[in-house]
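Visitor: Every position in the sequence shown, counted from 1, becomes a number in the numbering used here once 1 is added. The beta carbon of each residue, even a glycine, is placed where N, CA and C say it ideally should be. Just so we're clear, the structure is a prediction, and the values are computed from it rather than from any experiment. First, the structure itself, so that you have it in front of you.
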Amino acid sequence: MRFVALSLGLLASASVYVDAQRTCGSNRSDAAVKKAAKMFRDRRPSSLQAASTTSTQATVNLHVHVITSGDSVAQGNVTDAQIATQVDVLNDAFSATGLSFTLVNTTRTLDASLYRNVGPETTYQNAMKQALRAGGPNDLNLYSVGFQSGAGAGLLGYATFPYEYEGLPWDDGVVVLDASFPGGSAEPYNLGQTATHEVGHWVGLWHTFQNGCSPVGDEVGDTPPERSPAFGCPVGRDSCSGDGVDPIHNFMDYTDDACMSEFTPGQITRLREQIAAFREVPA
Numbered sequence: 002m003r004f005v006a007l008s009l010g011l012l013a014s015a016s017v018y019v020d021a022q023r024t025c026g027s028n029r030s031d032a033a034v035k036k037a038a039k040m041f042r043d044r045r046p047s048s049l050q051a052a053s054t055t056s057t058q059a060t061v062n063l064h065v066h067v068i069t070s071g072d073s074v075a076q077g078n079v080t081d082a083q084i085a086t087q088v089d090v091l092n093d094a095f096s097a098t099g100l101s102f103t104l105v106n107t108t109r110t111l112d113a114s115l116y117r118n119v120g121p122e123t124t125y126q127n128a129m130k131q132a133l134r135a136g137g138p139n140d141l142n143l144y145s146v147g148f149q150s151g152a153g154a155g156l157l158g159y160a161t162f163p164y165e166y167e168g169l170p171w172d173d174g175v176v177v178l179d180a181s182f183p184g185g186s187a188e189p190y191n192l193g194q195t196a197t198h199e200v201g202h203w204v205g206l207w208h209t210f211q212n213g214c215s216p217v218g219d220e221v222g223d224t225p226p227e228r229s230p231a232f233g234c235p236v237g238r239d240s241c242s243g244d245g246v247d248p249i250h251n252f253m254d255y256t257d258d259a260c261m262s263e264f265t266p267g268q269i270t271r272l273r274e275q276i277a278a279f280r281e282v283p284a
């Protein structure tokens, strides 16, 4: 483990999640979604599709980067025990996919400006990632921050997608709220499933409500279409009548951590093909 201090200033702060609903910053424009689909088609030969199987086990090296404004958990200093439990949560959630995650290192960075202000496409997140990201396309870098102000204010997390690695390799990774780690203060989002949700994006899955009730949906055939994100755990919700109840237990919806429990077989096939095409991980 290494402890570094980046030079964007130190401010007193504490992590408090005040939003009542899950918020994810991993949204892409229609043009970006179309670009991703084309890149996937171009890199997804029929042999890959036919060979895709969850019986092929693959290990992903995990690098955890803890950004803090001080020494306490309330200041972002997620404990080693919380990190170990988070790895367990990820491995349990992805157990049916054939993927497993092995923690290879933890860094701790004392910089309150980063802790407070990191958000999607900001100079703060760029500085953080350029200084800390480790490994290649098949290494998962997980950053924890406070999301207190600026573009990231109120977020639970965000991630990059596999098709984006080639163009911006230093940007690759997942960023989550420190209080969303298991045992954190972001109840009902403190069981570790925010990381599961964002890693789902990192391996190529869209939200279950992508494209609403459109037949295209999230580009996975066995997730029922969903008009909008679900919050809480609304059993029986059916926002696109006639196509099955909404997939509220899916890790890629917006429900409470305790409500999330599954990836579908179609999602598993897609994510394995995505990482084979873009992350050099066998399908």
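Report back the beta-carbon spacing between residue 183 and residue 152 to the nearest angstrom; my notes put them in contact at under 8 Å.
Guide: Not quite, the Cβ-Cβ distance comes to about 26 Å (not below 8 Å), so this is no contact.
Visitor: Decide if residue 39 is buried, meaning its Cβ has at least 16 other Cβ atoms within 10 Å, or exposed.
Guide: Result: exposed.
Visitor: Is residue 190 helix, strand or coil by DSSP?
Guide: Three-state DSSP puts residue 190 in coil, outside helix and strand.
Visitor: What three-state label does DSSP hand residue 135 in the structure shown?
Guide: It is coil, neither helix nor strand.
Visitor: What are the start and end residues of the beta strand (DSSP E) that includes residue 228?
Guide: Careful: residue 228 lies outside any beta strand (DSSP E) and carries neither H nor E.
Visitor: When the Cα of residue 129 is compared with those of 142, 137 and 138, which residue comes out closest?
Guide: Here the closest residue by C-alpha is 142.
Visitor: Over the uninterrupted beta strand (DSSP E) stretch that includes residue 102, give me the two end residues.
Guide: Its beta strand (DSSP E) spans residues 100 to 111.
Visitor: Please name the residue, chosen from 70, 91, 100 and 135, that lies closest to residue 107 on a Cα-to-Cα basis.
Guide: Of the candidates 70, 91, 100 and 135, the one whose C-alpha sits nearest the C-alpha of residue 107 is 135.
Visitor: Counting along the chain, where does the beta strand (DSSP E) carrying residue 38 start and finish?
Guide: Careful: residue 38 lies outside any beta strand (DSSP E), inside the alpha helix (DSSP H) at 31 to 44.
Visitor: From residue 279 to residue 173, what distance separates their C-alpha atoms?
Guide: So the two alpha carbons sit approximately 12 Å from each other.
Visitor: What residues in its chain sit with their C-beta under 7 Å from that of residue 159, if we drop five residues either side in the sequence?
Guide: Excluding sequence neighbours, residue 159 sits near 25, 26, 27, 121, 176 and 199.
Visitor: Please classify residue 222: is it buried, with 16 or more other beta-carbons within 10 angstroms of its beta-carbon, or exposed?
Guide: It counts as exposed.
Visitor: When you compare each of 67, 162, 57 and 226 to residue 33 by their alpha carbons, which one comes out closest?
Guide: Closest option to residue 33, Cα to Cα, is 162.
Visitor: Check whether the region 230 to 248 touches the region 96 to 111, counting contact only when three or more Cβ pairs, one atom from each stretch, lie closer than 8 Å.
Guide: Segments in contact, no.
Visitor: What does DSSP give as the partner residues of residue 59 in its beta bridges?
Guide: Its beta-bridge partners are 100.
Visitor: Starting from residue 158, trace the beta strand (DSSP E) in both directions and tell me its first and last residue.
Guide: Here the beta strand (DSSP E) through residue 158 covers 158 to 160.
Visitor: Please list, in chain order, all residues of the same chain as residue 169 whose beta carbon is under 8 Å from its beta carbon, the five residues on each side excluded.
Guide: Same-chain partners within the cutoff: 161.
Visitor: By alpha-carbon positions, which one of 97, 150 and 87 ends up nearest to residue 67?
Guide: Minimum Cα distance to residue 67 is reached at 87.
Visitor: What residue does the alpha helix (DSSP H) around residue 178 start on, and which one ends it?
Guide: No alpha helix (DSSP H) holds residue 178; the beta strand (DSSP E) holding it covers 175 to 178.
Visitor: Does DSSP put residue 265 in a helix, in a strand, or in coil?
Guide: If DSSP states are grouped into helix, strand and coil, residue 265 belongs with coil.
Visitor: Within the continuous alpha helix (DSSP H) that includes residue 142, where are the two ends?
Guide: Residue 142 -> not in any alpha helix (DSSP H); beta strand (DSSP E) instead, spanning 140 to 146.
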